[in-house]
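Novice:
4 protein chains.
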Amino acid sequence: MDARRVGENYQPVMRAEEVNTFLRDVFPQACGGEPPDYRALEVWPGGCLVRLEAGFRHLRPGDTVSGPSLFALADIGGYVCALSHIGPEALAVTTNLNINFMRKAPAGTVDAHCRILKLGKRLMIFEAELTAGEASGIVAHATGTYSIPPVSGSGKP
Amino acid sequence: MDARRVGENYQPVMRAEEVNTFLRDVFPQACGGEPPDYRALEVWPGGCLVRLEAGFRHLRPGDTVSGPSLFALADIGGYVCALSHIGPEALAVTTNLNINFMRKAPAGTVDAHCRILKLGKRLMIFEAELTAGEASGIVAHATGTYSIPPVSGSGKP
Amino acid sequence: MDARRVGENYQPVMRAEEVNTFLRDVFPQACGGEPPDYRALEVWPGGCLVRLEAGFRHLRPGDTVSGPSLFALADIGGYVCALSHIGPEALAVTTNLNINFMRKAPAGTVDAHCRILKLGKRLMIFEAELTAGEASGIVAHATGTYSIPPVSGSGKP
Amino acid sequence: MDARRVGENYQPVMRAEEVNTFLRDVFPQACGGEPPDYRALEVWPGGCLVRLEAGFRHLRPGDTVSGPSLFALADIGGYVCALSHIGPEALAVTTNLNINFMRKAPAGTVDAHCRILKLGKRLMIFEAELTAGEASGIVAHATGTYSIPPVSGSGKP
Chain A
10 MDARRVGENY
20 QPVMRAEEVN
30 TFLRDVFPQA
40 CGGEPPDYRA
50 LEVWPGGCLV
60 RLEAGFRHLR
70 PGDTVSGPSL
80 FALADIGGYV
90 CALSHIGPEA
100 LAVTTNLNIN
110 FMRKAPAGTV
120 DAHCRILKLG
130 KRLMIFEAEL
140 TAGEASGIVA
150 HATGTYSIPP
160 VSGSGKP
Chain B
10 MDARRVGENY
20 QPVMRAEEVN
30 TFLRDVFPQA
40 CGGEPPDYRA
50 LEVWPGGCLV
60 RLEAGFRHLR
70 PGDTVSGPSL
80 FALADIGGYV
90 CALSHIGPEA
100 LAVTTNLNIN
110 FMRKAPAGTV
120 DAHCRILKLG
130 KRLMIFEAEL
140 TAGEASGIVA
150 HATGTYSIPP
160 VSGSGKP
Chain C
10 MDARRVGENY
20 QPVMRAEEVN
30 TFLRDVFPQA
40 CGGEPPDYRA
50 LEVWPGGCLV
60 RLEAGFRHLR
70 PGDTVSGPSL
80 FALADIGGYV
90 CALSHIGPEA
100 LAVTTNLNIN
110 FMRKAPAGTV
120 DAHCRILKLG
130 KRLMIFEAEL
140 TAGEASGIVA
150 HATGTYSIPP
160 VSGSGKP
Chain D
10 MDARRVGENY
20 QPVMRAEEVN
30 TFLRDVFPQA
40 CGGEPPDYRA
50 LEVWPGGCLV
60 RLEAGFRHLR
70 PGDTVSGPSL
80 FALADIGGYV
90 CALSHIGPEA
100 LAVTTNLNIN
110 FMRKAPAGTV
120 DAHCRILKLG
130 KRLMIFEAEL
140 TAGEASGIVA
150 HATGTYSIPP
160 VSGSGKP
């Protein structure tokens, strides 16, 4: 295991299955199918692994996965980082995402290995490395920021 | 007219209608409907205006336009900048896109006002300002880079 | 005047001179000389103009202004946007800055035209367009985010 | 050793000492002192380690390292990645750099662990993770793009 996967005392409060149940409800367009287009495979302290099963709607000419579909995977990876480590009370929103595209991603499975770079009270910063194809080469790399709203005193979202 | 819309001797070689015909062919998933989800409204020297008609598939809970849909609009805006000023011979590809989300975009029309910041032989850098809603407030802002492949000597793409 | 310079009901609370006095105190290395390397020229609702007088220490081979010096100008532009519109009580800090370099900046004056894209309670997002040379061509473009700490209840920082 | 440090068949053509001699010549302001403010410590296939010894000129109030100084370290890290893997014939230039600031860096040593994400004929994309302080915590993370000019046929730069 990559030593960098061990976060700085980060401790998830939700497992991958709980995350997927939650995603199915809030993002039915992207995560509601069976199997869902986007889903969490694994959650660990300080990070997670999310997967896109790229079908026709995610492709560009030449049967490569589209930029917006890769963006969505990185964005969901950041959301899963926040959700699994904070819990579903406070719905985080993306404020910034920067993505570099390195190689074409062939149709099929795309994985995003995500890591929390900082989890503060108000902001979470993460990075996502996207791999695809037989050699699991890097197809894209993203960093982003989620804003974490304050939890209301009543405990209800 | 904003003086900054006048590019540095930039001259488009395709009109908005020609751009849309081309987009319909190469991106049938995003630009093939009638009317298309994404299309070019106007092309001018050094920039363009592209529009998303956000329907159910582009929405998030609360009837706001999803991040990936706004990313796609900015990305298509950059593509239209490159396509309209270079022509369809060389197919540009996104290498970097950075997007900041400012406010929620309500369901409906989202416009991206795009401007070429640099059009070199190998790279095009652009910015896109996304507006939506009754007050046409800024909902997101993006900058990005397209890599422009060399045109083959034979004149065929 | 560019209509986009008019912010959404933004109202500065400090003038350029007050800003410069403040900068001189907190950033003596960058803003303490006479004249200072970096200074505010103008503040208006929703934006500002800041200037770098690039001397030897800011140059790279070929007498062009270095990347870090241009980064610093954009960063100070964002800081002046926040400072002039919030006041000196809460010291904002940069959380993200993305910069694209378009052309070499010749030695001499570099200006950054800065615009607030969003001024929220916790975050300010801005863009900066850097121009230099006789033709005032665009040499770089940046967008960034400042985190705004909560003001303490007592009114004292 | 982190498996991710092993690049995809990347092979450096210069050692850290050769890199530093070159940096001393081309960036005398930043790399010319004894010891230099910025220098390469190590070069390996697909990456490098560069270091800033932060003195007074690199500090902000509170004795923390300034944003531009951290930007410069990440930028030099990318430059060393390109230089050490391509050689000194073609002088690469930064076209984009995105940096997230996570924590304050105390005065003293700051290290940037840099990794090539893609080394193409025309572009190199890299990431840099900056650590500082006793616990070597992450203080900033950057990704960037260098444009690689074509080498002239004569073999002279």
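Going down the list, the protein sequences come from chains A, B, C and D.
For the first sequence, my numbering assigns the number 10 to the initial residue and increments by one for each residue that follows.
For the second sequence, my numbering assigns the number 10 to the initial residue and increments by one for each residue that follows.
For the third sequence, my numbering assigns the number 10 to the initial residue and increments by one for each residue that follows.
For the fourth sequence, my numbering assigns the number 10 to the initial residue and increments by one for each residue that follows.
Glycine is no exception: its CB is placed at the ideal position from the N, C-alpha and C atoms.
With a threshold of 8 Å, are at least 3 pairs of Cβ atoms found where one atom belongs to the region 59-69 of chain A and the other to the region 14-33 of chain B?
Specialist: Counting Cβ pairs under 8 Å, fewer than three are found: no touch.
Novice: I'd like to check one pair, E138 of chain B with H150 of chain C: are the Cβ atoms closer than 8 Å?
Specialist: No; because the gap between Cβ atoms is not below 8 Å, this pair is not in contact.
Novice: Along the chain, where does the beta strand (DSSP E) that runs through S156 of chain B open and close?
Specialist: Note, S156 of chain B: beta strand (DSSP E), G146 to S156.
Novice: Is there a Cβ from chain C that is less than 8 Å from the Cβ of R124 of chain A?
Specialist: Output row for R124 of chain A: interface = no.
Novice: Could you tell me the distance, in whole angstroms, from the CA atom of V119 of chain C to the CA atom of G142 of chain C?
Specialist: When rounded, the distance between both Cα atoms is 8 Å.
Novice: DSSP three-state call for R124 of chain A: helix, strand or coil?
Specialist: Looking at R124 of chain A - three-state DSSP - the assignment turns out to be strand.
Novice: Just to confirm before moving on: does the CB-CB distance between T103 of chain A and N109 of chain D stay below 8 Å?
Specialist: Cβ atoms of T103 of chain A and N109 of chain D: not closer than 8 Å.
Novice: Can you pull the chain B neighbours of N107 of chain D, defined as C-beta to C-beta under 9 Å?
Specialist: Going along chain B in sequence order, the residues near N107 of chain D (Cβ under 9 Å) are N105 and N107.
Novice: Would you verify that the beta carbon of K127 of chain C is, or is not, closer than 8 Å to some beta carbon of chain B?
Specialist: So yes, K127 of chain C belongs to the interface.
Novice: Quickly, what does DSSP pair P115 of chain B with across the bridge? List them, please.
Specialist: Note: P115 of chain B sits in a beta bridge opposite B:T73.
Novice: Run through DSSP, which three-state label would V89 of chain C get?
Specialist: If DSSP states are grouped into helix, strand and coil, V89 of chain C belongs with the helices.
Novice: Between A:F80, A:P54 and A:S75, which lies nearest to A39 of chain B when the distance is taken from Cα to Cα?
Specialist: Cα-wise, what sits closest to A39 of chain B is A:S75.
Novice: Following the continuous beta strand (DSSP E) through V52 of chain A, name the residue where it begins and the one where it ends.
Specialist: Y47 to W53 is the extent of the beta strand (DSSP E) around V52 of chain A.
Novice: How about G164 of chain D: is its C-beta nearer than 8 Å to some C-beta of chain B?
Specialist: Note on G164 of chain D: pLDDT 37, under 50, position unreliable in the model; the coordinate value appears next. Answer no: the Cβ-Cβ gap between G164 of chain D and chain B never drops below 8 Å.
Novice: Just checking: is the beta-carbon of L132 of chain A within a distance shorter than 8 Å of some beta-carbon in chain C?
Specialist: Answer yes: the Cβ-Cβ gap between L132 of chain A and chain C drops below 8 Å somewhere.
Novice: Which of helix, strand or coil does DSSP assign to E138 of chain C?
Specialist: Strand.
Novice: Residues in the same chain with beta-carbon distance under 8 Å from F80 of chain D, minus the five sequence neighbours each way, listed in chain order, please.
Specialist: Around F80 of chain D: L106, I108 and A151.
Novice: Is it buried or exposed, R69 of chain A, if we count other Cβ atoms within 10 angstroms and call 16 or more buried?
Specialist: Result: buried.
Novice: What is the rounded straight-line gap between the Cα of A101 of chain C and the Cα of A121 of chain B?
Specialist: Cα to Cα, A101 of chain C sits roughly 30 Å from A121 of chain B.
Novice: Using DSSP's beta-bridge definition, name the partner residues of G56 of chain A.
Specialist: According to DSSP, which records beta bridges pairwise, G56 of chain A is partnered with A:W53 and A:R124.
Novice: So the candidates are A:P54, A:M111, A:P97 and A:G117; which of them puts its Cα closest to the Cα of R66 of chain A?
Specialist: The shortest Cα separation from R66 of chain A among A:P54, A:M111, A:P97 and A:G117 belongs to A:G117.
Novice: Confirm, please, whether the CB-CB distance from M133 of chain B to A83 of chain B is below 8 Å.
Specialist: No, Cβ-Cβ distance for A83 of chain B and M133 of chain B is not below 8 Å.
Novice: Given a cut-off of 8 Å on the beta-carbon distance, is the pair L126 of chain A and I147 of chain D in contact?
Specialist: Going by C-beta atoms, L126 of chain A is nearer than 8 Å to I147 of chain D.
Novice: Should V52 of chain A go down as buried or exposed, given a rule of 16 or more other Cβ atoms within 10 Å for buried?
Specialist: V52 of chain A comes out buried.
Novice: So is S156 of chain C buried or exposed if we call it buried at 16+ other beta carbons inside 10 Å?
Specialist: Per the 10 Å Cβ criterion, buried.
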